[in-house]
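Okay, structure first, notes after.
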Amino acid sequence: MTHTATRLQDLHAPFAPLLRIVLAQAALRRVDRALDLACGPGLKTGWLAAALQPGGWALGVDADRRALHEACAMTEDRRVEWAAGDALALPLRDACVDLCWCVAALHQFADPALALCEMRRVMRRGGTLVVATVEQLWVRARSWPPDLSAALSGALAVSGGDPGLLPADGLADALIARLATAGFTAIRARAFLLDATLMPWVQELTLADWPHLRTRVASLLDAVILERCDAYAAAEPEPVIAPVLLIASALKAE
Ligand SMILES: C[S@@+](CC[C@H](N)C(=O)[O-])C[C@H]1O[C@@H](n2cnc3c(N)ncnc32)[C@H](O)[C@@H]1O
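Numbers given in my numbering equal positions in the sequence shown, counted from 1, plus 107.
Below, the structure written as structure tokens:
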């Protein structure tokens, strides 16, 4: 692996498990053809290939031919192909992929809105989009009372790693609006505080919206603990700037 690919792998290591959870959920819908847009050296394209139905293929597209060359050299999986191309004018026909995956790249595109329209164009109806970005954002990191985490971990066990939280403080609003403007539906966004000392789902809980969360846990917590959570939420911790992983998934309507 080249120095650049190793650096990218190290950089993404803190959130690779989170992305894999989201990919596993996306792959619950049938995936025959997957696109890894702005795949770079292809570090995640193999993940997509592993989620394919038998006979399926994954295509990595990137504007950087050197990165593609490296991706090609590192991959033996015959289900994966590579193509040079611009996210703003994808070298693909309409409606040909079931899963479009774009990680750590949306902000690099000169026109992210156009790129999202291109993603939608090449997706089949009913296909899934996953977009992930890491941003430095103002956040209120909330360390909830431990009883809340305990109550939620039960829900986590039955939901395959997704506690069904919403990001607080409008953290994902801009990304959601971008996807909605591009015509996607069933948009779901998740925000994770990138802090390796926390379990993945606690990274999400830390940035969770309390009014939404409250409706889910009110029946699970006793009144005293619920009150403690209410008081904690009302206290509004001071915002700080921190790295946040935003992951949005959406569908191209049937
Ligand atoms: C930070 S890397 C992410 C690589 C990969 N998605 C990953 O998660 O490992 C961003 C990639 O976006 C690619 N890129 C930037 N602008 C592009 C464009 N307009 N079209 C296609 N790829 C582009 C770059 O060449 C680079 O490989």
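Glycine residues also receive a C-beta, built at the ideal position from the N, C-alpha and C atoms.
First and last residue of the alpha helix (DSSP H) that includes residue i?
{"i": "W251", "result": "It is not in any alpha helix (DSSP H) - W251 carries neither H nor E in the DSSP assignment."}
{"i": "E242", "result": "Where E242 is concerned, there is no enclosing alpha helix (DSSP H), although the beta strand (DSSP E) it sits in stretches over 230-246."}
{"i": "R114", "result": "110-119"}
{"i": "A284", "result": "280-288"}
{"i": "D337", "result": "330-342"}
{"i": "P318", "result": "317-324"}
Pull up the DSSP beta-bridge partners for residue i, would you.
{"i": "L300", "result": "V351"}
{"i": "T292", "result": "L358"}
{"i": "L366", "result": "Since the displayed the chain opens at 108 and closes at 361, residue 366 lies outside it and no answer follows."}
{"i": "E188", "result": "L166"}
{"i": "D193", "result": "A196"}
{"i": "P274", "result": "A315"}
Starting from residue i and walking both ways along the beta strand (DSSP E), at which residues does that stretch end?
{"i": "V210", "result": "204-210"}
{"i": "G167", "result": "164-169"}
Could you check if residue i is buried or exposed, using at least 16 other CB atoms within 10 Å of its CB as the buried criterion?
{"i": "L333", "result": "buried"}
{"i": "P161", "result": "exposed"}
{"i": "V129", "result": "buried"}
{"i": "T304", "result": "exposed"}
{"i": "V237", "result": "buried"}
{"i": "E311", "result": "buried"}
Short of 8 Å in beta carbon distance, which residues of its chain neighbour residue i, apart from the five on each side in sequence? Order them along the chain.
{"i": "R127", "result": "W154"}
{"i": "I348", "result": "Q243, L244, W245, V246"}
{"i": "V351", "result": "V241, E242, Q243, L244, V246, L278, A298, F299, L300, L301, L314"}
Cutting at 7 Å between CB atoms, please list the residues of its own chain near residue i, excluding the five before and the five after it.
{"i": "P344", "result": "R247, A248, R249"}
{"i": "E361", "result": "R232, G233"}
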